[in-house]
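K.L.:
Residue numbers (full-length UniProt numbering): 1 to 620. Each residue gets a CB set at the ideal place from its N, CA and C atoms; glycine is no exception.
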Amino acid sequence: MRDVMRNRAAGLVLSMLFVCAPIALTMLGPDDAYFDDDGQAEALVTLAVKEWRNLDPSTAAIAVLGAMLTAWNGYLRSARRAAESANRAKSDFVATISHEIRTPLNAIAGMLELAQNRTLAPDDVQECLHIAHCSAQALLGLIGNVLDVEKIEHGKLTLAPEDTDLVELTQGAVRIFEGLAHGKGIALRLRVSENARVAVQVDRGRFKQVVSNLVSNAVKFTHAGHVEVRVDARPADEAHLAVTIEVVDTGMGIEAADQRKVFAPYTQTYGGARVPGGTGLGLCIAQRLARLMGGTLKLEGARGVGCTARFAFVAARARLPASSSEVPPHSDGAASPLRALVVDDNAATRTLLRKQLERLGHRVVQAGSGNSAWRLWRAGLYDLVVTDCSMVDGSGYALARRIRDCEAHRRRLPCTIWAYTANAQHSEVERCRQAGMDACLFKPVTLEGLRQKLAQRLPCAQPTSGACREDPGFDLGAIAALADGDATLAERFLAELLDANERDGAALEDALRAQSPRAVKAVLHAISGVARMVAATSLANACMAAQDALDSGTAVDTGTDINLDTPAGDRRAGPSARPDTGAANDPAEAPCRAVLEELAALSRSVRVWLDTAPDDSDYA
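1) Could you give the first and the last residue of the continuous alpha helix (DSSP H) run that contains D370?
2) Roughly how many angstroms lie between the CA atoms of K355 and N106, to the nearest whole one?
3) From R604 to A109, what distance separates their C-alpha atoms?
4) Would you call the segment 409-427 and the segment 377-391 in contact, with 3 or more CB pairs under 8 Å?
5) Restricting to Cα atoms, I'd like to know which of A526, A495, E491 is closest to G505.
6) Can you give me the C-alpha to C-alpha distance between A439 and T119, rounded to a whole angstrom?
7) Is the separation between the beta-carbon of A511 and that of A519 shorter than 7 Å?
8) Taking the alpha-carbon positions, what's the G172 to T222 distance?
9) Confirm, please, whether the CB-CB distance from L399 to G422 is below 7 Å.
10) Could you tell me the distance, in whole angstroms, from the CA atom of A408 to the CA atom of G436?
11) In this structure, how does DSSP classify L602 when only helix, strand and coil are distinguished?
12) Pull up the CB-CB distance for D163 and A318, whole angstroms please, since I reckon it's below 8 Å.
13) Quick check: what's the CA-CA separation for V523 versus P591?
14) Anyone know if the C-beta pair for Q201 and A290 falls short of 7 Å?
15) For G394, which residues of its own chain have a beta-carbon under 6 Å away from its beta-carbon, when the five flanking residues on both sides are left out?
16) Reducing DSSP to helix, strand and coil, say where T158 ends up.
17) Let me confirm a value: residue 630 is counted as buried when at least 16 other C-beta atoms fall within 10 Å, else exposed. Which label applies?
18) Less than 8 Å between C-beta atoms, sequence neighbours within five positions excluded: which residues of the same chain meet that for R197?
19) Helix, strand or coil for F221, going by three-state DSSP, please let me know.
20) Cα-Cα, which of H133, A115, I131 is closest to V125?
21) Can you list, in chain order, the residues of its chain with a C-beta nearer than 6 Å to that of G306? Leave out the 5 residues immediately preceding and following it.
22) Give a yes or no on whether the C-beta atoms belonging to A187 and V219 are separated by under 7 Å.
23) Work out the CA separation of A312 and T296 for me, nearest whole Å.
24) Once you ignore the five residues that flank D232 on each side, which residues in its own chain have a CB closer than 7 Å to its CB?
25) Does DSSP put N260 in a helix, a strand or coil?
26) Let's see if you can read the secondary structure: which residues bound the alpha helix (DSSP H) around residue 622?
27) Taking V343 as the reference, which of L353, S78, P337 has the closest Cα?
28) If you follow the beta strand (DSSP E) that D232 is part of, which residue opens it and which one closes it?
29) Let's see if you can read the secondary structure: which residues bound the alpha helix (DSSP H) around C543?
30) Going by the beta-carbon positions, is the gap between E246 and R303 smaller than 7 Å?
31) What is the DSSP secondary structure of D570, counted as helix, strand or coil?
32) Decide if A600 is buried, meaning its Cβ has at least 16 other Cβ atoms within 10 Å, or exposed.
33) With distances taken between CB atoms, is the gap from V146 to L190 smaller than 7 Å?
34) Should Q137 go down as buried or exposed, given a rule of 16 or more other Cβ atoms within 10 Å for buried?
35) Pick out whichever of S390, L447, Q425, G144 has its Cα sitting closest to the Cα of H362.
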């Protein structure tokens with residue numbers, strides 16, 4: 001009886017194992033090495049399943065259970081090996097990226113140190129600066145690759161297709177490597193089919209990134225012969241074109257077995273050769289970008305006979321962009337200089353952007369915090385605000401929201417606001433957009449990049465006389481410069497300017513009533529000096545005209561009373577100003593009245609601009 005019960009229990013266990021074993025093994029995956037290397041577990045399961053009728057139930061159950069345990073142990077060992085391999089790959093990557101970062105950093109620091117040597121000839125200084133600049137660009141490329149992998153892996157990288165000349169875009173990517181190819185003594189050629197002379201919709205930056213990576217690898221591993229880039233486009237349907245970019249080289253080639261491995265992240269061998277100066281991310285990123293574009297990237301070739309990299313994708317047809325819309329590549333100046341407010345709590349970064357904007361012909365005021373920028377903005381006249389996002393004393397997001405709220409409250413035309421950030425992730429771009437910013441300017445930005453950004457975002461920008469709000473008749477940027485970017489000091493200066501206007505207006509009235517040309521000239525001289533200091537052009541011109549009238553020897557006499565708080569359009573001479581003595585025909589009367597008019601207008605404008613903000617509280 002006991003044996004019968006034992007056999008029934010064993011049979012029940014065996015039945016459960018027969019049901020569970022295939023499920024468990026299926027979950028482990030038929031293609032994965034989860035069994036022992038000698039296949040022991042698989043053999044035991046096969047034996048138990050096939051021979052269970054001929055085995056004692058207890059023996060069969062033990063055999064199947066043992067097989068499952070052996071398979072599970074194999075899975076754990078395989079998982080451990082995979083984890084250890086991943087850790088080694090990441091460790092190798094950290095070591096490699098550290099080395100690769102130090103190399104350009106060493107060149108940057110060393111060359112800049114040499115450039116500071118006053119005994120160097122100008123040509124040597126230029127060479128040092130050129131090497132430092134190239135090294136900085138290489139460093140940016142390394143960091144950009146790491147960030148791209150992170151964005152792709154987390155699904156945060158998006159494409160921005162635009163109408164593009166296919167040949168022109170490819171040619172731009174290839175030309176970068178002409179110098180390198182020439183230095184190695186190899187030919188770099190671009191062959192374009194007649195079908196490829198079309199326009200397509202493609203993300204220009206990502207397309208160039210893929211092509212540049214392929215050409216870079218081809219030039220790097222070709223020591224004799226040539227590298228040829230072939231461009232072709234065939235109709236896919238009425239609205240789309242099948243684009244193919246082939247990069248063919250006569251280099252060392254790559255074995256078929258290695259062609260899949262080189263697309264793995266952090267892989268730093270190419271056809272058995274160690275990649276000099278690479279992170280092992282280039283081809284990985286290129287392939288993932290190709291897939292993101294709905295295309296493919298494949299390698300063909302053999303060891304010692306060269307390699308062909310084929311990048312194929314389907315793109316929508318587009319119109320060729322008009323040549324007139326192209327950004328002039330070497331135009332430093334601006335058609336209409338802009339008034340820009342640059343906000344960053346890092347002095348070096350702030351100064352760099354200021355100098356870049358000034359190099360492009362724009363006028364710049366700086367602020368070291370969000371709160372300081374807010375006080376400057378509400379008292380200023382700006383076409384463009386470029387602000388860092390993360391600052392201790394008032395964030396850039398809050399600054400943008402505050403500006404937009406004030407513009408809506410005062411019904412003013414909006415100025416352009418750019419985020420100036422090192423975070424290029426899509427989530428950051430979206431956060432800036434929700435805060436009211438128009439675009440993002442990613443650190444670091446080159447002079448050419450800034451020029452193109454300005455041309456794209458502000459193609460019809462006009463000077464500040466009408467860009468954002470009513471012209472106040474003076475330049476708050478000049479006051480901000482006098483205050484060295486200190487918003488509190490600038491506001492204090494404005495208040496003192498208002499008091500000075502009232503005193504000068506009263507003094508000029510007294511001098512006119514006293515009919516004292518000397519006193520009038522002294523007051524005009526004082527008013528003119530202040531007007532020039534704050535760039536109140538109209539007032540300065542009025543003072544000059546009045547002084548010219550005095551210098552001509554014309555008598556001055558006017559009894560005009562002007563209320564400095566009254567709008568210029570509503571000002572009239574008081575009815576009891578003076579008796580009519582014929583002085584109304586005096587040629588000097590009109591210039592002096594114009595000075596009082598302009599002075600009153602300036603006084604009113606200062607009051608308006610001091611009272612612009614709904615409140616003056618700080619913000620986070």
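P.N.:
Inspection of the coordinates gives the following:
1) Walking along the sequence shown from the start, residue 370 turns up at place 370. What sits at residue 370 in the sequence shown is Gly, not Asp. Segment 370-378, the alpha helix (DSSP H) holding G370.
2) As a working mapping, residue 355 is identified with position 355 in the sequence shown. As a working mapping, residue 106 is identified with position 106 in the sequence shown. Computed Cα separation, rounded: 25 Å.
3) Numbered from its first residue, the sequence shown carries residue 604 at position 604. Numbered from its first residue, the sequence shown carries residue 109 at position 109. R604 and A109 have their C-alpha atoms spaced approximately 53 Å apart.
4) Taking 8 Å as the limit for Cβ pairs, the verdict is that the segment 377-391 does touch the segment 409-427.
5) In the sequence shown, residue 505 corresponds to position 505, counting from 1. Selected option, being the one with the closest Cα: A526.
6) Taking the first residue of the sequence shown as position 1, residue 439 is located at position 439. Taking the first residue of the sequence shown as position 1, residue 119 is located at position 119. Taking the straight line joining both Cα atoms gives about 44 Å.
7) By 1-based counting over the sequence shown, the position of residue 511 is 511. By 1-based counting over the sequence shown, the position of residue 519 is 519. In contact: A511 and A519 (Cβ atoms closer than 7 Å).
8) Sequence index remark: in the sequence shown, residue 172 carries index 172 (1-based). Sequence index remark: in the sequence shown, residue 222 carries index 222 (1-based). Spanning the two alpha carbons is a distance of roughly 21 Å.
9) Position 422 of the sequence shown, counted from the start, is the residue given in the question as residue 422. Position 399 of the sequence shown, counted from the start, is the residue given in the question as residue 399. The sequence given here has Ala at residue 422, not Gly. Taking the C-beta atoms as reference points, L399 is found no nearer than 7 Å to A422.
10) Sequence index remark: in the sequence shown, residue 408 carries index 408 (1-based). Sequence index remark: in the sequence shown, residue 436 carries index 436 (1-based). Going by the C-alpha atoms only, they are around 12 Å apart.
11) Here residue 602 is taken as the residue at index 602 of the sequence shown, counted from 1. Helix.
12) For this step, residue 163 is matched to residue 163 along the sequence shown. For this step, residue 318 is matched to residue 318 along the sequence shown. Here D163 really is in contact with A318; their C-beta atoms are around 4 Å apart, less than 8 Å.
13) Taking the sequence shown and counting its residues from 1, the one referred to as residue 523 is at position 523. Taking the sequence shown and counting its residues from 1, the one referred to as residue 591 is at position 591. Using only the alpha carbons, I get a separation of about 14 Å.
14) Mapped onto the sequence shown, residue 201 falls at position 201. Mapped onto the sequence shown, residue 290 falls at position 290. No, they are not a contact pair.
15) Here residue 394 is taken as the residue at index 394 of the sequence shown, counted from 1. Closer than 6 Å at Cβ, skipping near neighbours: S369, G370, N371, Y619.
16) Counted from its first residue, the sequence shown places residue 158 at position 158. Of the three classes helix, strand and coil, the one that applies to T158 here is coil, per DSSP.
17) Past the boundaries of the shown model lies residue 630; the chain is included only from 1 to 620, so the question cannot be answered.
18) In the sequence shown, counting from the first residue as 1, residue 197 sits at position 197. Take R197, set aside five residues on each side of it, and the residues of its chain with a beta-carbon closer than 8 Å to its own are L166, V167, in chain order.
19) In the sequence shown, the residue the question calls residue 221 occupies position 221. In the structure shown, F221 sits in coil (DSSP, three-state: anything other than H, G, I, E or B).
20) What you label residue 125 is simply residue 125 of the sequence shown in a count that begins at 1. When each option's Cα is compared against that of V125, the closest is A115.
21) Translated into positions along the sequence shown, residue 306 becomes position 306. D249, T250, G251, G253.
22) Along the sequence shown, read from residue 1 onward, the residue named residue 187 stands at position 187. Along the sequence shown, read from residue 1 onward, the residue named residue 219 stands at position 219. Going by C-beta atoms, A187 is not nearer than 7 Å to V219.
23) In the sequence shown, the residue the question calls residue 296 occupies position 296. In the sequence shown, the residue the question calls residue 312 occupies position 312. Between the C-alpha atoms of T296 and A312 there is a straight-line separation of about 5 Å.
24) The residue given as residue 232 occupies position 232 in the sequence shown. By the criterion of a C-beta distance shorter than 7 Å, D232 is surrounded in its chain by S193, N195, A196, T244, once the five residues flanking it on both sides are discounted.
25) Counting from one through the sequence shown, the residue named residue 260 turns up at place 260. Note that residue 260 is Arg in the sequence shown, not Asn. It is coil, neither helix nor strand.
26) The displayed coordinates of the chain run from 1 to 620. Any statement about residue 622 would go beyond what the structure contains.
27) Position 343 of the sequence shown, counting from 1, holds the residue named residue 343. Looking at L353, S78, P337, the one whose alpha-carbon comes closest to that of V343 is L353.
28) For the purposes of this step, residue 232 is identified with residue 232 of the sequence shown, where counting begins at 1. From DSSP, the beta strand (DSSP E) with D232 extends over 226-235.
29) For the purposes of this step, residue 543 is identified with residue 543 of the sequence shown, where counting begins at 1. Its alpha helix (DSSP H) spans residues 537-551.
30) For this step, residue 246 is matched to residue 246 along the sequence shown. For this step, residue 303 is matched to residue 303 along the sequence shown. No, the pair does not count as a contact, with Cβ atoms beyond the cut-off.
31) Stepping through the sequence shown from its first residue, residue 570 is reached at position 570. Residue placement at D570 cannot be trusted, given a pLDDT of 44 that sits under 50; the coordinates are not used to answer.
32) Locating residue 600 in the sequence shown gives position 600, where the first residue counts as 1. Under this definition A600 is a buried residue.
33) Mapped onto the sequence shown, residue 146 falls at position 146. Mapped onto the sequence shown, residue 190 falls at position 190. Result no, Cβ atoms of V146 and L190 do not sit closer than 7 Å.
34) Residue mapping note: residue 137 aligns to position 137 of the sequence shown, counting from 1. Burial state of Q137 is exposed, judged by a 10 Å Cβ sphere holding fewer than 16 other Cβ atoms.
35) In the sequence shown, the residue the question calls residue 362 occupies position 362. With distances taken between CA atoms, H362 lies nearest to L447 out of S390, L447, Q425, G144.
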